[in-house]
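Protein sequence lines correspond, in order, to chains A and B.
Read in order, the letters of the first sequence are residues 642 to 1131 in this note's numbering.
Read in order, the letters of the second sequence are residues 3 to 78 in this note's numbering.
Built from N, CA and C at the ideal position, the CB exists for glycine as well.
Remarks on the structure that follows.
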Amino acid sequence: MGETRLKRELGLLQATMMGIGGAICAGVFVTLGYAATLAGTALIIAMILCGIINLFTMLSYAELGAALPSAGGEYTFAKASFGGFPSFATGWFEWLSNMFYAAFSAVGFAYLVSYVIPAVNVPLVAVATVAVFVAVNTKGVKETGLIQTVLVVILLGILVAFITYGFLTSQGSGSFELTSPGGFLGVLKASSFIFVVYLGGEAIAVAQAEIKDPCKTIPRAILLSCLALIVLYTTIAFVVFKIVQPTDLAGKESPLAYVAQQFMGPVGVAMVTVAGIIASLTSVNTSIMAHSRVAYALARDGYFPSSFFKLHPRFSTPHLAILFGSVLTAVCAATGIVNFLTYATDFGFIIGFVLVNLSLIKLRVDKPNLTRPFKVPFFPLTPLLGIVTSLMLIFFLDPGTLFIGAQLFLLGLVVYYVRMVERSRICQAVGGMNLGISAFSALVAWLVMSGSLPMALSEGVMWMVFGFAVFVAVVFLIAGLLNVAGSSER
Amino acid sequence: MGKARKALSKLVGGIQCGLGGIVAVLALLVYASLAVREALAIASEEVYLYIFAFMVFSAISIASGSILIWEGNEEA
Chain A
642 MGETRLKREL GLLQATMMGI GGAICAGVFV TLGYAATLAG TALIIAMILC
692 GIINLFTMLS YAELGAALPS AGGEYTFAKA SFGGFPSFAT GWFEWLSNMF
742 YAAFSAVGFA YLVSYVIPAV NVPLVAVATV AVFVAVNTKG VKETGLIQTV
792 LVVILLGILV AFITYGFLTS QGSGSFELTS PGGFLGVLKA SSFIFVVYLG
842 GEAIAVAQAE IKDPCKTIPR AILLSCLALI VLYTTIAFVV FKIVQPTDLA
892 GKESPLAYVA QQFMGPVGVA MVTVAGIIAS LTSVNTSIMA HSRVAYALAR
942 DGYFPSSFFK LHPRFSTPHL AILFGSVLTA VCAATGIVNF LTYATDFGFI
992 IGFVLVNLSL IKLRVDKPNL TRPFKVPFFP LTPLLGIVTS LMLIFFLDPG
1042 TLFIGAQLFL LGLVVYYVRM VERSRICQAV GGMNLGISAF SALVAWLVMS
1092 GSLPMALSEG VMWMVFGFAV FVAVVFLIAG LLNVAGSSER
Chain B
3 MGKARKALSK LVGGIQCGLG GIVAVLALLV YASLAVREAL AIASEEVYLY
53 IFAFMVFSAI SIASGSILIW EGNEEA
């Protein structure tokens, strides 16, 4: 269908850069300090461990991406293996987490700019950044890929310069010894904390409908970006501990800039800040591309409004899906609530990892004859390890993450039923809920006025709550009656 | 559906969507602002419960409002 209208314009280089750029976000510039206090110099082991955990799941992405190269990434895999609500839930979380990730990166970019120019308005810069990348993504995937490649090459150039200079310099503590103050548990804790620096590489799979020669390019790009990230992060960690002690990094807002200051002076700080800014921009670019392709795929299958499936007549990009998702991204970015965005992003990505591995196992069992240009080695051990290690990360996350995840899941459930279930049944259900809320609001109003509510509210607030509760009770009563009457007419 | 009922559906639907939006913003404020929590006498351990309740209310309100507006705009 419309799938063929998306142009295959991304080669191996651009796809690999999409993966690397999606993963290297501002996180690597700020998380090293706290992680070093947990794992000491053994942070290097944590970096490798995270890379291996990431690799387990990325191998699944490589196999499924090459076997099912249509738009939507995880959603497409879950649809082929499970269908129904599980596939919708996968797409839903993927769509939301990419939007939150774009907002998180835009806010990160704005904060980095504010270090250089303190007078800038952070939410405004974040929203403007989203707007710029909406224009780039609407213009065409070729332009998106080109900008991504240029930005990532500059970013890698700066990081390689940092690493090379770090290896060559005679400055620093000299001897290097692997030690962890918290033992192996400390390494595990640090791993769960810094795992975020590997997230985002799966954007390659989301854009798979626009990758040339997908059977070969997708697995190669995914594996190349994965290995490049392991080498890059490990060598950065090595240089950091060659120059300073882990304890020196405690409480530093930008540990990498602090290290650069030690052996490169102000030039080093400027370089690292520019690198952080570019890293944030590449993440915004990748995530806008990713969330729009997921919305496009969800619209293709009737879960999202059909307008998201429309392509721009001139640029062949899903411009309405880009625009709608980016408006939500801009709203999130304007709030600047970084903690919420971090939690929501982490949860969505980790759930996506689990579902991709499950999809791989189910498809191997259900469709053994599916053409697979690339196969995950050591099946089923590798995807099982991918599931176990991803679930392990959930246990180390903040409890707030699980709570926000549960809310997003509920919201997804509502959207799914609104789209899929017969309208008269939805009207009945919503009508019933409206009448229930009306009764509950009336009860709250009565409790407030009788002073039975166990809350110490001021008189002004009490009147406001009373007025609001009465208003809600009346509106929801009328709405409930209209819903129920409408459903019985059908 | 009569004209009056269509108009009522659109009006009530619009109010419900507005209420849903306001409560979603309130949920965000409860999460982010200590002053709002204090004004509403919300203890810190109850914050997530309130946010959850507000988000559920907001989702139902917007869903119901959208359905009513849709019905109000439908051709007879």
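Check, Outcome
"Residues of its chain near Val1125/A, where Cβ-Cβ distance is below 6 Å and the 5 sequence neighbours each way are ignored", "Gly1072"
"Beta-carbon contacts of Tyr899/A that lie in its chain and below 6 Å, excluding the five residues immediately before and after", "Lys893"
"DSSP bridge partner residues for Leu651/A (one or two, in chain order)", "Ile852/A"
"Span of the alpha helix (DSSP H), counted from its first residue to its last, around Thr888/A", "No alpha helix (DSSP H) contains Thr888/A, which DSSP labels as neither H nor E."
"Distance, Gly1101/A Cα to Ala41/B Cα", "10 Å"
"Amino acids of chain B, ordered along the chain, whose beta-carbon sits closer than 9 Å to that of Val1102/A", "Ala41, Leu42, Ala43"
"Exposed unless 16 or more other CB atoms sit within 10 angstroms - verdict on Val881/A", "buried"
"Residue range of the unbroken alpha helix (DSSP H) whose run includes Ile919/A", "907–941"
"Phe965/A at chain B interface by Cβ criterion, 8 Å", "no"
"Within chain A, partners of Tyr52/B - CB distance below 8 Å", "What Tyr52/B touches in chain A: nothing, since even the nearest Cβ is about 11 Å away."
"Where Val828/A falls: helix, strand or coil (DSSP)", "helix"
"Sequence-distant residues of the same chain with beta carbon closer than 6 Å to Val913/A, five excluded per side", "Leu897, Ala898, Ala901"
"Local Cβ density within 10 Å of Lys1008/A, reported as buried at 16 or more and exposed below that", "exposed"
"Test: Leu1088/A CB closer than 8 Å to a CB of chain B", "no"
"C-beta neighbour in chain A for Ala65/B, strict 8 Å", "yes"
"Leu30/B at chain A interface by Cβ criterion, 8 Å", "yes"
"Where Val14/B falls, given that 16 or more other Cβ within 10 Å makes a residue buried", "buried"
"DSSP three-state assignment for Lys893/A, whether helix, strand or coil", "coil"
"Proximity of Ile64/B and Cys1068/A at Cβ, strictly below 8 Å", "no"
"Proximity test, Cβ basis, 8 Å: Ala61/B and chain A", "yes"
"Per-residue burial, Val1113/A [other beta carbons within 10 Å of its own, 16 or more giving buried]", "buried"
"Proximity below 8 Å, CB of Gly660/A to CB of Ser866/A", "yes"
"Contact with chain B by Asn1075/A, beta-carbon distance below 8 Å", "yes"
"Spatially closest choice to Ser947/A from Val794/A, Leu961/A, Tyr742/A, Ala891/A, by CA coordinates", "Leu961/A"
"Helix, strand or coil at His960/A according to DSSP, with G and I counted as helix", "helix"
"Extent of the continuous alpha helix (DSSP H) to which Gln1069/A belongs", "1064–1091"
"Cutoff 8 Å: Leu10/B Cβ touching any chain A Cβ", "yes"
"Counted within 10 angstroms of its Cβ, other Cβ atoms place Pro907/A as buried (16 or more) or exposed", "exposed"
"Any non-hydrogen atom of the ligand COA within 7 Å of Phe1107/A CB", "Only the bare structure without any ligand can be found here, which leaves the ligand COA out of the picture."
"Own chain residues within Cβ distance below 6 Å of Ala683/A, not counting five before or after", "Leu819, Ser821, Val828"
"Phe879/A, DSSP secondary structure in three states", "helix"
"Test item: CB-CB of Asn998/A and Pro1024/A under 8 Å", "yes"
"Boundaries of the alpha helix (DSSP H) in which Ile69/B is found, first to last residue", "49–75"
"Beta-carbon proximity check, Tyr1058/A vs Ala846/A, cutoff 8 Å", "no"
"With 16 other Cβ atoms within 10 Å as the buried cut-off, status of Gly966/A", "buried"
"Contacting residues, own chain, Cβ-Cβ under 7 Å from Lys1016/A (five flanking each side not counted)", "Glu704"
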